[in-house]
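Protein chains: 4
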Amino acid sequence: MRIGVLTSGGDCPGLNAVIRSVVHRGTDVHGDEIIGIEDGFLGLIEGRSRPVSHDDVTGLLTLGGTILGSARVQRERINQAVDNAEELARNLGIDALIAIGGEGTLTAARMFSDAGLPVVGVPKTIDNDIAATDVTFGFDTAVHVATEAIDRLKTTAESHQRVMVVELMGRHTGWITLTAGMAAGAHGILIPEKPFDIEAVARMIEERFRRGKKFAIIAVAEGAKPAPGTLRFDHGEVDQYGHQTFGGIGNRLAGELEGLLGKEARPVILGHTQRGGSPTAIDRVLATRFGWHAVEAVHKGAFGHFTALRGTEIQLIPVSEAVAGLKTVPQDRWVESEAVL
Amino acid sequence: MRIGVLTSGGDCPGLNAVIRSVVHRGTDVHGDEIIGIEDGFLGLIEGRSRPVSHDDVTGLLTLGGTILGSARVQRERINQAVDNAEELARNLGIDALIAIGGEGTLTAARMFSDAGLPVVGVPKTIDNDIAATDVTFGFDTAVHVATEAIDRLKTTAESHQRVMVVELMGRHTGWITLTAGMAAGAHGILIPEKPFDIEAVARMIEERFRRGKKFAIIAVAEGAKPAPGTLRFDHGEVDQYGHQTFGGIGNRLAGELEGLLGKEARPVILGHTQRGGSPTAIDRVLATRFGWHAVEAVHKGAFGHFTALRGTEIQLIPVSEAVAGLKTVPQDRWVESEAVL
Amino acid sequence: MRIGVLTSGGDCPGLNAVIRSVVHRGTDVHGDEIIGIEDGFLGLIEGRSRPVSHDDVTGLLTLGGTILGSARVQRERINQAVDNAEELARNLGIDALIAIGGEGTLTAARMFSDAGLPVVGVPKTIDNDIAATDVTFGFDTAVHVATEAIDRLKTTAESHQRVMVVELMGRHTGWITLTAGMAAGAHGILIPEKPFDIEAVARMIEERFRRGKKFAIIAVAEGAKPAPGTLRFDHGEVDQYGHQTFGGIGNRLAGELEGLLGKEARPVILGHTQRGGSPTAIDRVLATRFGWHAVEAVHKGAFGHFTALRGTEIQLIPVSEAVAGLKTVPQDRWVESEAVL
Amino acid sequence: MRIGVLTSGGDCPGLNAVIRSVVHRGTDVHGDEIIGIEDGFLGLIEGRSRPVSHDDVTGLLTLGGTILGSARVQRERINQAVDNAEELARNLGIDALIAIGGEGTLTAARMFSDAGLPVVGVPKTIDNDIAATDVTFGFDTAVHVATEAIDRLKTTAESHQRVMVVELMGRHTGWITLTAGMAAGAHGILIPEKPFDIEAVARMIEERFRRGKKFAIIAVAEGAKPAPGTLRFDHGEVDQYGHQTFGGIGNRLAGELEGLLGKEARPVILGHTQRGGSPTAIDRVLATRFGWHAVEAVHKGAFGHFTALRGTEIQLIPVSEAVAGLKTVPQDRWVESEAVL
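Residue numbers (this note's numbering), protein chains in the order written: chain A, 31 to 371; chain B, 31 to 371; chain C, 31 to 371; chain D, 31 to 371.
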């Protein structure tokens with residue numbers, strides 16, 4: 031078969047490992063030809079592709095990023111492309127497509143499948159917010175990077191008696207913040223799923239001070255929000271250059287805490303370091319398994335499905351289950367962590 | 031309540047994180063007193079213990095090893111102790127025990143529970159060989175260390191056209207070798223679950239050479255064995271100092287491959303670096319969750335049970351399910367890896 | 031002898047390793063008593079101290095931060111304390127002091143020495159800006175952290191065709207930015223020593239785009255400044271909370287580049303992760319050697335001197351040589367890097 | 031100019047970074063053509079080469095190994111080649127050669143230079159044993175890897191009360207062992223430069239035990255030797271496969287210590303992980319600077335010289351100074367470490 035493969039959306043460690051795995055399984059075992067489609071759905075629409083051979087994927091297991099590129103495409107343009115799905119497939123000369131991406135990609139995967147371009151999805155998100163899979167590749171790497179950073183900040187905070195506010199990725203869900211916060215022993219964890227009361231945060235810190243621990247680390251997800259009726263954080267602000275201020279909540283939270291505590295509080299915004307670079311071992315293995323199973327799914331004709339991790343097994347799940355809604359941090363996990371405020 | 035806690039068996043990154051978590055949850059939330067028992071079951075038998083407070087566990091989240099120590103005790107001596115279970119508990123002044131250890135520890139946990147010293151188990155194994163839990167803490171760290179090592183060896187092997195044989199931990203199961211081997215892209219993976227044919231290994235390498243890839247990495251578990259009727263590897267050998275030669279299979283496999291290939295093959299034995307040091311983020315979180323749930327289990331009276339990861343949840347499972355047999359690598363995982371020979 | 035030791039100024043990986051080394055060499059070899067002075071010169075002035083024994087420094091080699099604490103003291107208050115130097119020494123019961131700190135600390139060390147409290151200095155700066163020593167501990171760790179971060183960003187920038195601006199520490203000197211920038215292959219490096227022309231930066235990026243490399247990494251020191259007559263960056267701005275906006279130059283540079291290039295440019299501010307956490311091997315060794323030689327210097331009576339690395343040797347250098355002026359990046363190093371714009 | 035470049039000898043992190051730097055400086059600035067010679071002097075003799083362009087060196091800064099390969103050539107065969115130096119240069123079409131390698135390579139560099147093939151040397155050794163340069167690239171990476179490994183072993187040794195013997199690279203010099211041993215706080219350090227008395231090692235360990243520290247880490251260089259008149263370690267032994275047993279001293283030392291102490295002692299042999307993989311930041315920068323200066327040296331006609339680090343500067347030094355003898359660990363460094371026995 032001729033199988034197209036594309037990567038879509040923001041960067042995520044393990045994309046290249048999926049591509050490598052698809053090529054290994056497809057060409058070596060099934061005799062497939064793998065066609066790399068450039069820049070995600072944009073390349074699909076514009077008919078830009080190139081064959082990807084075994085040699086092309088040498089060294090990709092450990093390499094961050096995606097050799098196929100990724101570009102943003104407006105939802106509307108994808109919808110139009112769906113109408114021409116069969117023609118696009120013909121132009122590219124592909125029998126099926128493996129689409130690696132987030133919730134939007136999986137949604138598109140189903141639409142293209144329904145319209146005659148058979149697609150298997152591979153879920154991708156550092157945020158761990160895709161439903162119907164225990165986790166996806168990229169998340170562990172993001173947590174690893176964030177944890178190392180908080181580990182470093184902690185020694186400074188402790189010996190220099192500082193309050194530090196670390197802003198981690200997660201616009202809609204708090205998985206990275208909860209997990210890295212627990213892993214590094216953050217004293218307060220603020221996530222989008224539970225609007226926070228800044229006075230409770232300040233009280234927790236003051237309580238630590240009273241017990242002689244004169245420092246605190248607060249891990250806050252970029253999408254965390256104050257509870258209604260407490261402070262208003264305006265996330266939408268733009269600077270003089272017309273683009274959104276990156277890291278709004280971390281800076282503001284530090285500022286507000288300074289006011290409440292009468293004590294310096296330093297913000298640190300980890301930013302894009304969380305979504306790039308060489309994947310951790312566990313993410314490489316998961317990406318490799320997803321690639322393997324995606325090729326098998328194509329040969330089984332399990333289109334409109336995506337690869338999901340359930341416990342220790344990879345299963346093929348209808349895309350509809352993934353796109354029903356974001357997977358948020360459930361309440362029992364907040365409780366368990368002891369630090370979500 | 032007064033809750034004893036002990037760590038038993040070989041080292042495993044995350045032991046200290048469990049102890050910390052037990053203290054945090056027990057003392058801060060339930061008002062328990064946590065009694066650390068020294069050197070595993072030896073300290074239980076000999077009545078050696080000390081209280082462990084919140085301050086005593088500061089910094090333990092990231093620290094390898096166990097502040098409580100661990101010592102080997104003969105099975106027979108544990109059996110005798112079981113007969114005096116109630117007396118031991120009285121001497122130590124504990125109402126219940128949290129025992130962190132491997133299969134043997136979980137077995138002992140049940141025996142003590144039956145005999146009147148109520149025990150909750152926390153599974154510990156870098157080898158990932160305990161049944162009834164998806165994984166335990168320590169495994170990810172071992173895989174992380176092994177993967178980093180193979181990553182390093184690979185560049186040397188490639189540029190200097192070498193065959194390298196890396197021996198990883200795993201006497202009875204191949205989980206570390208399979209996972210790190212896949213994560214680092216080893217070309218051959220040899221595990222105890224599937225006796226290997228050394229000629230097949232040599233053929234795979236020769237095939238690589240013919241395709242112009244003049245190097246190969248073989249990841250071999252210390253407990254991997256040749257198939258009957260092929261070579262005989264004698265694992266039991268001892269050196270002049272009377273103790274078993276560590277790393278037997280790696281050295282021998284490299285030697286045999288040299289003979290078959292007529293080409294240098296270098297063995298590297300990773301050894302104990304795989305079971306020490308600071309746990310990865312994921313292992314810290316899992317250890318922390320296990321500690322939290324173990325304390326809850328004590329307060330619920332779920333004795334004779336142990337904490338297990340199932341999918342994304344921690345469940346309490348009867349110890350009998352864990353000790354029914356080792357969890358080995360199933361056949362579909364060999365197949366999936368493409369590299370198990 | 032009774033030797034005081036204090037740490038002063040911002041955090042720097044290796045402070046604890048110096049303290050450990052002073053204790054080991056002083057107590058084990060010379061039979062000294064080591065007195066830890068809390069919170070730097072503040073503890074000296076306020077007479078807060080505690081003995082530090084061999085057991086107290088267990089585990090400090092790898093631990094970031096300082097167990098002695100560090101606090102800011104106004105220069106004026108130090109000057110007053112100098113007048114009472116002998117009395118302070120008497121109160122603390124110390125015969126000599128080892129002061130670990132930056133340029134200000136070394137200056138104070140000389141003043142106290144002249145006034146009757148004999149001091150040996152140990153230079154500390156992650157910025158590598160202390161003259162008369164090839165380097166100090168902490169710098170390599172900062173560079174290591176920054177390099178790992180840029181490595182991660184690079185894969186994202188490349189596969190997603192982004193311009194990324196990474197702001198690194200260095201208010202007055204560009205050593206971290208030059209070194210990490212070279213280590214990670216940044217395409218543009220902007221340092222305080224060479225005012226930059228933002229149009230030259232934009233031209234370099236456009237030139238890369240023309241050659242088909244559709245991404246760029248710019249490493250910028252927090253103290254880098256535009257050349258006079260080009261853009262004006264206002265570093266002094268404060269936000270609504272009354273404290274200086276951290277990371278000004280990175281955000282502004284990204285904003286300006288977007289305007290010039292008509293293309294998204296993302297800022298990443300590494301911040302305090304560069305100055306905390308476990309020191310690299312080389313920093314641990316240098317800190318250990320400095321501690322050893324500081325104790326020897328005390329016993330030789332080389333007061334008013336500090337430990338300096340010259341080539342591969344530790345030498346004792348008069349403090350006056352260190353405080354004559356900041357060590358900035360010389361022009362031949364810009365030239366050599368090819369990337370300083 | 032047409033400049034050949036070759037890499038010779040064992041693997042060393044940073045080789046690729048030198049090649050990249052030579053290409054960048056040579057082609058971008060001087061308009062040179064860089065000719066990569068394959069497999070070191072073997073390719074020189076056999077006339078195997080290929081042009082190396084800017085695109086060919088993309089990504090090499092962080093990549094271990096050497097894209098040019100490296101092979102062993104007998105000294106005699108090199109001597110013969112020297113007689114045909116001019117012819118070899120003509121065949122390859124090169125005006126000058128940059129030879130990256132160890133002591134043997136630098137010696138050959140001088141011989142070829144004298145015979146009419148002008149050569150500039152770049153020193154390469156993970157062992158830090160080349161005289162006349164403070165250090166070379168690769169050493170810091172080896173120390174980094176070894177230190178991380180000992181860090182991990184230490185937590186196991188401490189919590190499980192073990193004596194661990196870690197064998198590090200260094201056949202003739204103890205630099206890696208001294209530096210990583212100091213960085214990780216090894217309790218005993220055994221190096222080739224100072225024959226050791228095993229009973230002194232055992233006494234040190236027993237003394238620790240008496241003080242209540244029931245563990246010890248011994249770092250031993252592979253070339254460390256017992257003092258005459260104490261034990262005889264036979265390094266030359268070969269196993270049944272006819273190749274030298276790797277890691278002889280570590281295994282034997284552990285065995286002997288078990289006998290003397292009556293207590294288990296575990297050997298760990300780090301092996302080739304020390305000489306592969308991505309270079310540390312400092313090694314990448316040094317390799318890059320060496321490459322830059324080697325190209326400049328070619329254009330200045332400084333043949334028969336090699337690039338050396340002196341303090342913070344790169345200097346061109348006559349090869350004769352490098353090959354006068356190995357740079358061994360001087361006595362004042364043993365003394366300073368406190369742990370060399």
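In this text, a Cβ means the ideal position worked out from N, Cα and C, and glycines have one as well.
For A332 of chain B and R319 of chain B, I'd like the C-alpha separation in whole angstroms.
Locating residue 332 of chain B in the second sequence gives position 302, counting from the first residue. Locating residue 319 of chain B in the second sequence gives position 289, counting from the first residue. One C-alpha to the other measures close to 16 Å.
Using a Cβ cut-off of 8 Å, pull out every chain D residue sitting near V175 of chain B, in sequence order please.
Translated into positions along the second sequence, residue 175 of chain B becomes position 145. Near V175 of chain B (Cβ distances below 8 Å), the residues of chain D are R182.
Check for me: the beta strand (DSSP E) holding R80 of chain B runs from which residue to which?
Within the second sequence, numbered from 1, the residue matching residue 80 of chain B stands at position 50. Residue range S79 to P81 is occupied by the beta strand (DSSP E) that includes R80 of chain B.
With a threshold of 7 Å between beta-carbons, can V298 of chain D be considered close to chain B, or not?
On the fourth sequence, position 268 is the one that residue 298 of chain D refers to. Output row for V298 of chain D: interface = yes.
Out of D:T342, D:A354 and D:S367, point me to the one whose CA is closest to A162 of chain C's CA.
The residue labelled residue 162 of chain C in the question sits at position 132 within the third sequence. Of the candidates D:T342, D:A354 and D:S367, the one whose C-alpha sits nearest the C-alpha of A162 of chain C is D:T342.
Mind pulling the beta strand (DSSP E) runs of 3 or more residues that sit fully within the stretch 274-337 of chain D?
295-299
Please name the residue, chosen from D:S83, D:I108 and D:E236, that lies closest to T98 of chain D on a Cα-to-Cα basis.
Residue mapping note: residue 98 of chain D aligns to position 68 of the fourth sequence, counting from 1. The amino acid at residue 98 of chain D is misidentified as Thr; the sequence shows Leu. Of the candidates D:S83, D:I108 and D:E236, the one whose C-alpha sits nearest the C-alpha of L98 of chain D is D:S83.
Give me whichever residues DSSP pairs with G218 of chain B in a beta bridge.
Along the second sequence, read from residue 1 onward, the residue named residue 218 of chain B stands at position 188. Beta-bridge annotation (DSSP): G218 of chain B is paired with B:I248.
Determine the contact status of I180 of chain A and G204 of chain A, defining contact as a CB-CB distance below 7 Å.
Start at 1 with the first residue of the first sequence, and residue 180 of chain A comes out as number 150. Start at 1 with the first residue of the first sequence, and residue 204 of chain A comes out as number 174. No, these two residues do not count as a Cβ contact at 7 Å.
Can you list, in chain order, the residues of the stretch 83-106 of chain A whose Cβ is nearer than 9 Å to any Cβ on chain C?
L93, G94, G95, T96, I97, L98, G99, S100 and A101
For chain C, is any of its Cβ atoms less than 7 Å away from the one on H302 of chain A?
On the first sequence, position 272 is the one that residue 302 of chain A refers to. H302 of chain A counts as touching chain C.
Could you please tell me which residues of the stretch 34-68 of chain A, in chain order, have their CB closer than 7 Å to any CB of chain C?
D41
Looking at I347 of chain C and A354 of chain C, is the spacing between their C-beta atoms short of 7 Å?
For the purposes of this step, residue 354 of chain C is taken as residue 324 along the third sequence, with counting starting at 1. For the purposes of this step, residue 347 of chain C is taken as residue 317 along the third sequence, with counting starting at 1. Against a cut-off of 7 Å, the Cβ pair of I347 of chain C and A354 of chain C comes out as no contact.
Going by other Cβ atoms of all chains shown within 10 Å of its Cβ, with 16 needed for buried, is T88 of chain B buried or exposed?
Working through the second sequence from its first residue, we reach residue 88 of chain B at position 58. Burial call: exposed.
So, does the CB of A179 of chain B fall closer than 7 Å to a CB anywhere in chain D?
In the second sequence, the residue the question calls residue 179 of chain B occupies position 149. Yes, A179 of chain B lies at the interface with chain D (some Cβ there is under 7 Å from its Cβ).
Identify, in the order they occur along the chain, each residue of the same chain with its Cβ nearer than 8 Å to the Cβ of S367 of chain C, setting aside the five sequence neighbours on each side.
The residue given as residue 367 of chain C occupies position 337 in the third sequence. So the qualifying residues of the chain are L208, G211, M212 and I219.
Helix, strand or coil: how does DSSP classify G56 of chain D here?
By 1-based counting over the fourth sequence, the position of residue 56 of chain D is 26. Helix.
Tell me, please, whether the CB atom of H202 of chain D is closer than 7 Å to any CB atom in chain B?
Working through the fourth sequence from its first residue, we reach residue 202 of chain D at position 172. Chain B contact via Cβ: absent.
Within the 7 Å Cβ cut-off, does S79 of chain C reach chain A?
Here residue 79 of chain C is taken as the residue at index 49 of the third sequence, counted from 1. S79 of chain C does not count as touching chain A.
Does E366 of chain D have its Cβ less than 7 Å from a Cβ in chain C?
Residue numbering aside, residue 366 of chain D sits at position 336 when the fourth sequence is read from its first letter. Yes, contact with chain C.
Hey, quick one: how far does the alpha helix (DSSP H) through A230 of chain D stretch, first residue to last?
Position 200 of the fourth sequence, counted from the first residue, corresponds to residue 230 of chain D. I228 to R240 is the span of the alpha helix (DSSP H), which, as asked, contains A230 of chain D.
Under a CB-based cut-off of 7 Å, is V315 of chain A close to chain B?
Within the first sequence, the letter at position 285 stands for residue 315 of chain A. Closer than 7 Å: yes.
At a CB-CB cut-off below 8 Å, which residues of chain B make contact with G215 of chain D?
To locate residue 215 of chain D, count along the fourth sequence from 1; it is residue 185. Under the 8 Å cutoff, chain B gives no residues; its nearest Cβ is about 14 Å from G215 of chain D.
Using a cut-off of 7 Å between C-beta atoms, extract the partners of T318 of chain A located in chain B.
Start at 1 with the first residue of the first sequence, and residue 318 of chain A comes out as number 288. Residues of chain B passing the Cβ test: M212.
Could you work out which residues of chain A lie near T166 of chain C, taking near to mean beta carbons separated by less than 9 Å?
The count along the third sequence starts at 1 and reaches residue 166 of chain C at position 136. What T166 of chain C touches in chain A: nothing, since even the nearest Cβ is about 17 Å away.
Is G292 of chain B close to chain D, meaning its C-beta is less than 7 Å from at least one C-beta of that chain?
Working through the second sequence from its first residue, we reach residue 292 of chain B at position 262. It does not: the Cβ of G292 of chain B has no partner Cβ on chain D nearer than 7 Å.
CB T37 of chain C to CB I128 of chain C, shorter than 7 Å?
Residue 37 of chain C sits at position 7 when you count from the first residue of the third sequence. Residue 128 of chain C sits at position 98 when you count from the first residue of the third sequence. Going by C-beta atoms, T37 of chain C is not nearer than 7 Å to I128 of chain C.
P43 of chain C: buried (16+ other C-beta within 10 angstroms of its C-beta) or exposed?
Mapped onto the third sequence, residue 43 of chain C falls at position 13. By the 10 Å Cβ count, P43 of chain C comes out buried.
Under 6 Å: does the beta carbon of H302 of chain C sit that close to some heavy atom of the ligand MN?
This structure does not include the ligand MN; it has no bound ligands of any sort.
Just curious, the alpha helix (DSSP H) that G73 of chain B is in, first and last residue?
Position 43 of the second sequence, counting from 1, holds the residue named residue 73 of chain B. From DSSP, the alpha helix (DSSP H) with G73 of chain B extends over F71 to E76.
State the beta-bridge partners of R32 of chain B as determined by DSSP.
As a working mapping, residue 32 of chain B is identified with position 2 in the second sequence. For R32 of chain B, which the question treats as bridged, DSSP gives the partners B:E63.
So for E197 of chain D, helix, strand or coil by DSSP?
The residue given as residue 197 of chain D occupies position 167 in the fourth sequence. E197 of chain D sits in a strand when the DSSP states are folded into three classes.
May I ask you to verify whether the stretch 220-238 of chain B touches the stretch 174-190 of chain B, counting CB pairs closer than 8 Å and requiring at least 3?
Remark: fewer than three beta-carbon pairs, one from each stretch, lie closer than 8 Å, so the stretch 220-238 of chain B and the stretch 174-190 of chain B are not flagged as touching.
State buried or exposed for S350 of chain D, treating a residue as buried only when at least 16 other CB atoms are found within 10 Å of its CB.
In the fourth sequence, counting from the first residue as 1, residue 350 of chain D sits at position 320. Under this definition S350 of chain D is an exposed residue.
Keeping to the same chain, check which residues put their C-beta closer than 7 Å to that of T186 of chain A; ignore five residues upstream and five downstream.
Position 156 of the first sequence, counted from the first residue, corresponds to residue 186 of chain A. For T186 of chain A, where only same-chain residues beyond five positions count, the Cβ hits under 7 Å are R192.
Is L127 of chain C helix, strand or coil by DSSP?
Residue 127 of chain C sits at position 97 when you count from the first residue of the third sequence. Three-state result, L127 of chain C: strand.
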